[in-house]
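Novice:
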Amino acid sequence: MSGFLGKLSPAKRVVAGNNNDLPLFYSNSMERCPSDTPRATATLGELLMNVEDARNDQRGLEMASPLTSSASSFNSWTSAPASSITSSPFVLSFTDLTYSVKIKKKFPPFCGNSSSNDSALNTKILLNGISGEAHEGEMMAVLGASGSGKSTLIDALANRIAKDSLRGSITLNGEVLESRLQKVISAYVMQDDLLFPMLTVEETLMFSAEFRLPRSLSKKKKKARVQSLIDQLGLRSAARTMIGDEGHRGVSGGERRRVSIGIDIIHDPIILFLDEPTSGLDSTSAYMVIKVLQRIAQSGSIVIMSIHQPSYRIMGLLDRLIFLSRGNTVFSGSPTYLPQFFFEFDHPIPENENKTEFALDLIRELENSPEGTKKLVEYHKEWRVKQQAASRYYNNGITLKEAITASISKGKLVSGATTTNSPSSFQTYANPFWIEMIVIGKRSILNSMRQPELIGMRIGAVMVTGIILATMFTKLDNSPKGVQERLGFFAFAMSTTFYTCAEAIPVFLQERYIFMRETAYNAYRRSSYVLSQSIISIPSLIFLAACFAATTFFAVGLAGGASGFLFFFLTILASFWAGSSFVTFLSGVVSNVMLGFTVVVAILAYFLLFSGFFISRDRIPLYWIWFHYLSLVKYPYEGVLQNEFEDTTKCFVRGIQIFDNSPLGQFPNAVKLSLLKSMSGVLGINVTAETCVTTGIDILKQQGVTEISKWNCLWITVAWGFFFRVLFYFTLLIGSKNKRR
């Protein structure tokens, strides 16, 4: 048997599931093709089988003898033929990828002249001339210790590093891969499972299908695709189970990871990037995930992942490895070459040793030595030159346009299937913006309905505040004290509407990274997200405004009747709208919930301070007057004041009441009447006990509320809401690129 294995070609590569190049203990876990001739790649639906096959493969692996297989495989590596040529429709090549970041000094230099090595000391190289290739039908894994640059390399290949920061070239079939095209034909699965906890597995995948699959596909076909994908991912038993979070029981860790993969492969991308897809999983779950990824690759995709320390079984599924050490390549090639590589480097791998663990341990040992991994890096460069001379790929002269067109004709890349022109003319988004808005809104509403306690708490907060205000300010009279109490009621009521909007801070912060993941690869437009979130918030704001207005207006005894109530309700609604928009904008700026609450509370306090309640506009210092006009509380406060005091026939202070807010208010009425007669003689005006001294217009003048009409105050408040929504959009446009600098 070992003699037979010794005749196998180590340079023969895996093409679309042909794994004849692997030794026995690897190839037992893979499907073999009957011949070495390139075959047409099948679609995901044709090749992704039930994950039950993984269990069968697992049982087959357990029957293989590691000792015999290791010895046999070593013979096959040492008897490699001189050359091997294999075709691959898609070849992703990267050459001399270099990326570095600047590290800020903790302390400035004490001397006036900085050393010439300052720039080098302040720069950390994360990638140092990394080169390699990834082929259709293969899985390439990037390995290394923490900090070796695994995730950085995946980010570089996935276009998650700014072009001006990354040096080197990335091509697909020899053509430079443009950012716009890469978003259409590729997908990126983050290390963290960013999912909506209150949606089921089936709902999560269905929403992804509605985003990524074109409108031309019927609802029935989308559902069929989702059901097929559920079976292919081995999620049938968990299809109707909620994802769950810390407070809600849901699916297992392995199932969550497969759902995360599923939402990104719903459109069957040509290139799939994954950052640590097995992180946090047990060995069986990790194996099942990698088995699914292998079949995705066999369906005609390029799968590139970073992985921390693959198990013995997972190594049998991988086609190509890249070991990194502090940003340098120390090995690249098929896993079958590991023993030969380290044998020639004078560090042979013991037969009973896990090859990956041995390699990682050796790399760590060298990193801690004085010379580091310099010799290993240099040896790899020489070894790679020899391997490239012995094995080469070709793609039958297929251009990128022809390869993509061929893939589309077989059912892959569904989001671009409606396009038959050049790759540059592919649709950036699968659906028009109004479809995106409907899907985003439907998902948000469903997610909110599954958490009624959050809606109930907000309604309760508004109702409790309204009831307290209604009982504290019940049936205010038209006396001077009533005027002061009305002013206090309006100031507190308007500021409260803004403070109750602070609950909107965690809403976006909780789904910030979901949003960034989905928009990074054009699931939907940022404008669609902003518009949808704005529209679906309006019904709840209307309900809250109606509850608050109905609770307080009649109980307090505010003026204006039905028309007055309507304006008061509209002002409360506008305040909720402006406050919600302002808080939503801030949630796009800050990334921490506690920091967000602190900033919102502080700024709203300043808005109230400069609103004109504590100090009138005429008394505000000139250097602070600009803040008065920026105050969100100013405009609804002035609007409701005018709504209350605009009646010129209504009197709030009569002759005998002018003494109420002074020490003379304690004297008997006879004394007050005598004082009024004396004042009438001095002023030349007859002032009696019933003479109207102060009307509503006089109160508005005293408060400095004369510049803007009440309706203009209402429109300005509404305009503030739209203004902050626009700012929120630009914040998302600028701040959610999700790229390293």
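Just so we're aligned: the sequence shown equals residues 1 to 741 in full-length UniProt numbering. Virtual Cβ for every residue (Gly too), placed ideally from N, Cα, C. Here the structure is a predicted model, which is why all the values come from computation and not from measurement.
(1) Who pairs with Glu-133 in a beta bridge, going by DSSP?
(2) Applying the 10 Å Cβ sphere with the 16-neighbour rule, what's the burial state of Met-594?
(3) Could you name the residues of the same chain whose beta carbon sits closer than 6 Å to that of His-532, not counting the 5 residues immediately before and after it, in chain order?
(4) Would you check if the region 229-249 and the region 141-158 touch, i.e. whether three or more CB-CB distances between them fall below 8 Å?
(5) Do Ile-271 and Ile-185 have their C-beta atoms within less than 8 Å of each other?
(6) Per DSSP, what kind of secondary structure is Lys-124 in: helix, strand or coil?
(7) What is the DSSP secondary structure of Ser-279, counted as helix, strand or coil?
(8) Pull up the distance between the alpha-carbon of residue 743 and that of Asn-686, whole angstroms please.
(9) Would Ile-536 and Ser-587 qualify as a contact pair, given that the criterion is a beta-carbon distance under 8 Å?
(10) When DSSP labels each residue in this structure, what does Asn-592 get in the three-state scheme?
(11) In this structure, does DSSP put Thr-497 in helix, strand or coil?
(12) Tell me Tyr-99's beta-bridge partners as DSSP assigns them.
(13) To the nearest angstrom, how far is the alpha carbon of Ile-603 from that of Gly-704?
(14) Which term fits Met-305, buried or exposed, when burial requires 16 or more other beta carbons within 10 angstroms of its beta carbon?
(15) Determine whether the beta carbon atoms of Lys-650 and Asn-478 lie at a separation below 8 Å.
(16) Taking only three categories from DSSP, how would you classify residue 744?
(17) If you draw a straight line from the alpha carbon of Gly-612 to that of Leu-727, how long is it in whole angstroms?
(18) Just reading off the alpha helix (DSSP H) that Thr-695 is part of, what are its end residues?
(19) Mind reading off the beta-carbon distance from Glu-138 to Leu-92? Whole number of angstroms is fine, and I expect it under 8 Å.
(20) Check whether the Cβ atoms of Phe-94 and Glu-136 lie closer than 8 Å to each other.
(21) Mapping the DSSP letters down to three states, classify His-628 as helix, strand or coil.
(22) Rounded C-beta distance between Met-315 and Thr-356? I'm assuming under 8 Å.
(23) So, at 6 Å on beta carbons, what are the nonlocal neighbours of Asp-660 in its own chain, with the 5 sequence-adjacent residues on each side left out?
(24) Which residue marks the beginning of the alpha helix (DSSP H) containing Ile-349, and which one marks its end?
(25) Taking Thr-688 as the reference, give the member of Ala-670, Gly-696, Arg-364 and Gln-702 with the closest Cα.
(26) Smallest Cα separation from Ile-404: which of Ile-363, Leu-217 and Gly-300?
(27) State the CB to CB distance for the pair Phe-610 and His-628, rounded to an integer number of angstroms; the pair is presumed to be in contact (CB under 8 Å).
(28) What is the DSSP secondary structure of Asp-245, counted as helix, strand or coil?
(29) Out of Leu-570, Leu-126 and Pro-310, which one is the CA nearest neighbour of Ala-360?
(30) Can you name, in chain order, every residue of its own chain whose Cβ lies under 8 Å from the Cβ of Phe-597, other than the five neighbours on each side?
(31) The alpha helix (DSSP H) that contains Ala-209, what's its start and end?
(32) Could you tell me which residues DSSP puts in a beta bridge with Ile-304?
(33) Which value, in whole angstroms, describes the spacing of the CA atoms of Ser-422 and Leu-217?
(34) Less than 8 Å between the beta carbons of Phe-548 and Val-601, yes or no?
(35) How is the beta strand (DSSP E) around Ser-186 delimited, first residue to last?
(36) Which two residues bound the contiguous beta strand (DSSP E) that contains Arg-654?
Specialist: Checking against the coordinates, here is how it stands:
(1) BP columns for Glu-133 point to Ser-93.
(2) It counts as exposed.
(3) Sequence inspection shows Ser at residue 532; the His mentioned does not correspond to that position. Setting aside the 5 residues that flank it on each side, Ser-532 is surrounded in the same chain by Met-437, Ile-440 and Gly-441, each with a C-beta closer than 6 Å to its C-beta; the list follows chain order.
(4) no
(5) Against a cut-off of 8 Å, the Cβ pair of Ile-185 and Ile-271 comes out as a contact.
(6) Taken through DSSP and simplified to helix, strand or coil, Lys-124 comes out as strand.
(7) Of the three classes helix, strand and coil, the one that applies to Ser-279 here is coil, per DSSP.
(8) Because the chain here runs from 1 to 741, residue 743 falls outside it and cannot be looked at.
(9) no
(10) coil
(11) If DSSP states are grouped into helix, strand and coil, Thr-497 belongs with the helices.
(12) Leu-127 and Leu-166
(13) Taking the straight line from one Cα to the other gives about 23 Å.
(14) buried
(15) yes
(16) Nothing can be reported for residue 744, as the shown portion of the chain is limited to 1 through 741.
(17) 26 Å
(18) Where Thr-695 is concerned, there is no enclosing alpha helix (DSSP H), although the beta strand (DSSP E) it sits in stretches over 692-695.
(19) Their Cβ separation, rounded to whole angstroms, is 10 Å, which puts Glu-138 and Leu-92 out of contact at 8 Å.
(20) no
(21) helix
(22) 6 Å
(23) Pro-480
(24) First-last for Ile-349: undefined, no H or E at that position.
(25) Nearest of Ala-670, Gly-696, Arg-364 and Gln-702 to Thr-688, Cα basis: Ala-670.
(26) Gly-300
(27) By a beta-carbon distance limit of 8 Å, Phe-610 contacts His-628. Their separation comes to about 5 Å.
(28) strand
(29) The identity of residue 360 in the sequence shown is Leu, whereas the question assumes Ala. The residue with the shortest Cα to Cα distance from Leu-360 is Pro-310.
(30) Here Phe-597 has Ala-502 and Ile-505 as same chain residues with Cβ atoms under 8 Å from its own Cβ, once five neighbours each way along the sequence are excluded.
(31) 201-212
(32) Met-140 and Phe-273
(33) Low per-residue confidence applies at Ser-422: pLDDT is 47, beneath 50, and the placement is therefore not dependable enough to give any value.
(34) no
(35) 186-189
(36) 651-654
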